[in-house]
Amino acid sequence: MSTATRQRKRRPRGKNQRRETLAAFAFLSPWIIGFLVLTAGPMIISLVLSFTNYDGLQETRGVGWDNYEKLLSDPKVRKSLSNTLIYAVMIVPSTMIVSLALASMLSRIGRRSAGVFRTLFYLPEVTPKVAIGVLFLLLFNGQVGMVNWALGLVGIDGPQWSTDEAWVKPGLVLMNLWSVGGTVVIYLAALNNVPRDLYEAADLDGVSRWQRFRHVTVPMISGALFFTLIIQTISALQTFDEAYAAFYGSAASASYSSEAALFYLIYLFQQAFQFLHMGYASAMAWLLFVIIMIITAIQVKVSKRFVYYEGGDR
Amino acid sequence: MSTRYARTVAVAAIGLLVLSGCGGVGGDDQPTEGEAVTLTTLGFGVDDEIASVRVDLANEAIAPSTVKIGGNAFDAQQFLSAVASGTAPDLIFIDRQLLGTYAARGTIEPLDSCVEKEQINLDQYRDPALEEVTLDGKLYGLPEFYNNRVMMINDDAVASAGLTADDLDPSDRDGLAAATTKLTKRNGADLARIGFDPKIPEFLPMWAKANGVDMISADGKTANLDDPKLVAVLEYAVGMIDAQGGWGSFKAFRDSFDFFGEKNQFATDQLAAFPMEDWYLNVLGEVSPDLKLTVKPFTDQNGDPIDWVTGSAWAVPAGGKNKDLACQWIKTMSDADSWIAAAEARAEKREAEGLAFTGVYTGNEVADEKIFGEIVDLSDTPVYEDAVNGVLEAQESAFSMPASPAGSEFKAAWEGAVNRVLSGQQSPADAMAQAQQEAQTALDNAAAGN
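This is how it looks when you write it as structure tokens:
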């Protein structure tokens with residue numbers, strides 16, 4: 050095709066394209082404005098504040114890298130970060146395994162019943178996190194809680210979930226498994242999309258159920274697994290509501306707070322709104338942002354080896 | 103960039119600015135003489151007649167202006183957002199222990215000129231309450247309630263162990279520990295009755311005082327948390343909990359109490375004794391009027407009564423726009439006549455309900471004299487009459503923690519230390535040494551304006 054012909058063809062297409070681009074931006078503008086005003090703007094401001102002694106009340110002055118240097122020497126930053134990472138390591142695989150098990154069961158039952166169960170599983174997802182925190186204290190009370198009562202029925206002397214440092218995080222993990230409905234729904238959709246002929250081919254090859262699951266189901270839903278891995282990891286690293294409600298939400302509970310439940314965002318919140326060190330809290334927020342970015346980048350890198358995208362090049 | 107693009111961006115930017123401008127930062131118009139304005143509050147709720155009667159009187163004092171009551175507990179996040187956006191409330195109702203933190207940052211208006219202009223009689227307020235709201239010699243708040251801490255003893259539980267209330271004597275540490283062991287009841291591995299709850303960490307300042315230690319200096323700037331005498335008394339208090347099965351089961355059992363209900367821990371024989379705040383008498387008077395209870399002052403090692411008092415205060419934010427009216431309003435709210443009117447309303451209500459009125463403990467001494475001298479009549483309920491007398495006796499030996507520029511961090515430091523000891527993470531000495539370092543760093547930073 051000659052250059053002249055190409056130009057003739059490109060001109061009207063370019064005009065259309067520009068118009069379409071403008072229209073796209075117009076439709077996207079509510080989100081773009083929201084993102085700039087409510088997300089990007091505050092992020093940039095918090096980055097600036099992280100280099101100041103801002104407390105929202107007094108005159109603000111720059112402190113250079115002081116807040117970041119203090120982060121490195123603050124034992125409570127280390128403690129809260131390690132609590133958060135341990136919690137993430139416990140809750141993310143637990144959520145994925147339980148959700149996958151529930152989704153697998155749901156995918157085997159009739160469509161009408163599946164709808165009912167899907168709703169039932171999803172219901173706890175809409176329960177306020179604060180309510181879950183309060184419920185935690187009731188259900189996991191070491192002496193009169195329902196969990197230890199149930200364990201007692203099978204001869205197990207349950208631990209002191211809310212006071213024993215070693216059991217606080219496992220207790221919170223168990224409590225949070227109650228609200229896996231969102232992940233179940235994602236897995237269920239992924240399972241329903243696995244081509245039946247792959248299972249038939251596997252059956253013809255005489256594979257066991259476990260092999261079928263391991264070599265057909267998991268690869269075919271690996272995209273969904275990867276998506277939830279990322280989302281659950283970020284969510285776990287930002288955990289706040291339930292633990293705060295249970296251990297820090299009132300003056301009385303704060304007096305008896307357990308350091309095992311001092312998650313990073315709780316400590317950040319304390320620094321910002323209890324101790325009025327907002328500059329320092331901003332630095333903490335940026336440290337968490339960097340950590341999340343690094344973990345996500347590692348997950349994306351690793352996923353290239355394990356995640357199968359139908360029609361994709363990976 | 104094409105002209106059309108530039109125009110679009112400019113229009114969008116102007117639109118955003120206009121939208122932002124509509125976001126609600128109020129004007130800073132000062133009301134003119136006689137103009138009716140509506141003052142805003144934070145941290146206060148009109149939950150009962152003690153509040154509503156005084157609010158009505160205070161509103162009369164600033165008529166035709168009025169006050170819009172907002173919310174319940176003081177919310178630091180809400181307050182900071184309001185201050186930062188230039189819409190500070192006109193009044194805040196705040197825990198006196200936290201007031202110093204905000205005062206040191208210049209967020210709270212000193213009330214000295216308010217006191218002078220409105221001729222507020224400071225002599226009517228109790229000294230320990232005033233000390234809590236005074237920082238660097240300046241008054242930052244007018245005290246409200248006055249929470250006394252006294253020993254509350256379940257007579258039936260004590261009698262069932264062959265003891266008397268006198269056996270629970272904080273000045274006799276060995277005797278108290280022995281009585282605690284006797285009073286503790288178990289049902290297999292589970293606790294069935296706590297013998298004595300030392301109420302730590304929250305009552306640590308009282309235990310410290312009982313051992314002759316002030317946890318912070320009078321000017322609120324020097325922590326004294328690693329004092330060996332404080333470490334020793336913490337060890338003692340934790341030892342009592344350990345003797346009753348350890349923190350885990352102790353707290354789990356305590357968390358199961360129906361604290362505000364008819365099946366409360368005294369009524370159900372789940373607790374023999376604890377130091378507690380006076381307001382709990384009102385609860386017990388309502389839900390367990392027939393309870394056999396002994397109330398007496400907590401004592402130091404010499405047997406002298408001590409009473410750690412706390413409470414709330416009214417303060418005027420520096421960014422408030424109606425400071426004169428706010429001053430008039432809080433003067434009336436904390437005035438003796440207002441408290442008396444509120445107490446009369448409560449007494450009438452209680453009488454109509456057939457319940458005992460055990461009084462209101464205020465930071466206003468003049469009001470208390472009238473309330474407990476003339477309004478409170480517990481002759482029909484001698485148990486509660488004796489209990490109230492126990493509180494009044496304790497009041498004579500009250501002390502408070504002085505205002506501190508880092509009140510929140512100071513409290514978090516010592517509470518965290520006690521929790522680490524209770525959970526077995528640290529020894530009392532190590533925990534208090536860490537707390538001392540954390541608290542002093544916070545106090546130094548606050549003093550330096552950081």
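Same order as they appear, the protein sequences are chains A and B.
Residue numbering for the first sequence follows this note's numbering, starting at 50 and increasing by one per position.
Residue numbering for the second sequence follows this note's numbering, starting at 103 and increasing by one per position.
For each residue, glycine too, the CB sits at the ideal point set by N, CA and C.
Which partner residues does residue i have in the DSSP bridge list?
{"i": "V169/B", "result": "L141/B"}
{"i": "K398/B", "result": "M253/B"}
{"i": "E69/A", "result": "DSSP output for E69/A lists no bridge partner at all."}
{"i": "W410/B", "result": "F501/B"}
{"i": "W416/B", "result": "F195/B, L244/B"}
{"i": "M378/B", "result": "V252/B"}
{"i": "R295/B", "result": "K287/B"}
{"i": "A325/B", "result": "I318/B"}
{"i": "I210/B", "result": "P419/B"}
{"i": "T282/B", "result": "None; T282/B has no bridge partner."}
At 8 Å on the CB atoms, spell out the chain A contacts of residue i, in chain order.
{"i": "R522/B", "result": "E308"}
{"i": "P303/B", "result": "S304, Y305"}
{"i": "V185/B", "result": "G105, L106"}
{"i": "R207/B", "result": "D104, L106, Q107, L325"}
How would you write the range of the beta strand (DSSP E) that residue i sits in, first residue to last?
{"i": "F368/B", "result": "It is not in any beta strand (DSSP E) - F368/B carries neither H nor E in the DSSP assignment."}
Along chain B, in chain order, which residues have C-beta atoms closer than 7 Å to that of residue i?
{"i": "N132/A", "result": "The contacting residues do not exist; N132/A stays about 13 Å from chain B at best."}
{"i": "E118/A", "result": "Within chain B, no residue comes near E118/A; the closest Cβ sits about 14 Å away, beyond 7 Å."}
{"i": "F322/A", "result": "A178, Q179, L182"}
Helix or strand or just coil, what does DSSP make of residue i?
{"i": "E487/B", "result": "helix"}
{"i": "D439/B", "result": "helix"}
{"i": "D130/B", "result": "Unreliable positioning characterises D130/B in this predicted model, as indicated by a pLDDT of 41, which lies under 50. The coordinate reading is nonetheless provided below. Coil at D130/B, not helix or strand."}
{"i": "N466/B", "result": "strand"}
{"i": "L386/B", "result": "helix"}
{"i": "T345/A", "result": "helix"}
{"i": "A537/B", "result": "helix"}
{"i": "T236/B", "result": "strand"}
{"i": "T144/A", "result": "helix"}
{"i": "Y136/A", "result": "helix"}
{"i": "Y227/B", "result": "strand"}
{"i": "G111/A", "result": "strand"}
{"i": "L247/A", "result": "helix"}
{"i": "V351/A", "result": "helix"}
{"i": "T266/B", "result": "coil"}
{"i": "T460/B", "result": "coil"}
{"i": "T176/A", "result": "coil"}
{"i": "T101/A", "result": "strand"}
{"i": "G350/B", "result": "helix"}
{"i": "G117/B", "result": "Its pLDDT being 42, under 50, G117/B is placed unreliably by the model, and nothing is read from it."}
Which chain A residues are close to residue i, counting only those with a beta carbon under 7 Å from its beta carbon?
{"i": "Y351/B", "result": "For clarity, residue 351/B is Ser in the given sequence; the question names Tyr instead. Those within 7 Å of S351/B in chain A are G191, Q192, Q209."}
In the DSSP assignment, find the alpha helix (DSSP H) that holds residue i and state where it starts and stops.
{"i": "I152/B", "result": "151-163"}
{"i": "K331/B", "result": "330-345"}
{"i": "L314/A", "result": "313-318"}
{"i": "G90/A", "result": "90-98"}
{"i": "R161/A", "result": "160-171"}
{"i": "G230/A", "result": "230-241"}
Who are the neighbours of residue i on chain A, taking C-beta pairs under 9 Å?
{"i": "S525/B", "result": "T212, D213, E214, S307, E308, A309"}
{"i": "A280/B", "result": "Within 9 Å Cβ-Cβ: nothing; A280/B doesn't reach chain A, min ~25 Å."}
{"i": "S215/B", "result": "None at all; the shortest Cβ gap to chain A is about 21 Å."}
{"i": "L293/B", "result": "Q192"}
{"i": "E162/B", "result": "Here the premise fails: no neighbours, minimum Cβ distance about 33 Å."}
Find the residues of chain B that neighbour residue i, judging by a C-beta separation of less than 9 Å, and give them in chain order.
{"i": "L186/A", "result": "D357"}
Legend entry - Segment contact flag, the stretch 150-169 of chain B with the stretch 436-454 of chain B, C-beta cutoff 8 Å, min 3 pairs: yes
Legend entry - Given 8 Å, three or more beta-carbon pairs between the stretch 273-280 of chain A and the stretch 233-241 of chain A: yes
Legend entry - Three or more C-beta pairs below 8 Å linking the stretch 536-548 of chain B and the stretch 321-328 of chain B: yes
Inset, instruction - Say whether the stretch 404-419 of chain B touches the stretch 296-312 of chain B, bearing in mind that this needs 3 or more beta-carbon pairs closer than 8 Å, one atom from each stretch. - result: yes
Inset, instruction - Decide if the stretch 202-222 of chain B is in contact with the stretch 494-513 of chain B; the criterion is three or more beta carbon pairs, one per stretch, under 8 Å apart. - result: yes
Legend entry - Three-pair Cβ contact test at 8 Å for the stretch 163-173 of chain B versus the stretch 477-495 of chain B: no
Inset, instruction - Check whether the stretch 198-216 of chain A touches the stretch 110-125 of chain A, taking contact to mean three or more Cβ pairs, one atom from each stretch, closer than 8 Å. - result: no
Legend entry - Stretch pair the stretch 368-383 of chain B + the stretch 219-230 of chain A: three plus CB contacts closer than 8 Å: no
Legend entry - Sufficient close CB pairs (3 or more, under 8 Å) joining the stretch 486-500 of chain B to the stretch 395-407 of chain B: yes
Legend entry - the stretch 185-192 of chain A / the stretch 245-262 of chain A touching (three or more Cβ pairs under 8 Å): no
Legend entry - Touch test, the stretch 215-232 of chain B against the stretch 257-274 of chain B, Cβ-Cβ under 8 Å, three pairs minimum: no
Legend entry - Stretch pair the stretch 281-293 of chain A + the stretch 250-261 of chain A: three plus CB contacts closer than 8 Å: no
Inset, instruction - Take every Cβ of the stretch 206-219 of chain B, pair it with every Cβ of the stretch 373-382 of chain B, and state whether three or more of those distances are shorter than 8 Å. - result: no
Inset, instruction - Determine contact between the stretch 215-225 of chain B and the stretch 427-437 of chain B, defined as no fewer than three beta-carbon pairs at a distance below 8 Å. - result: yes
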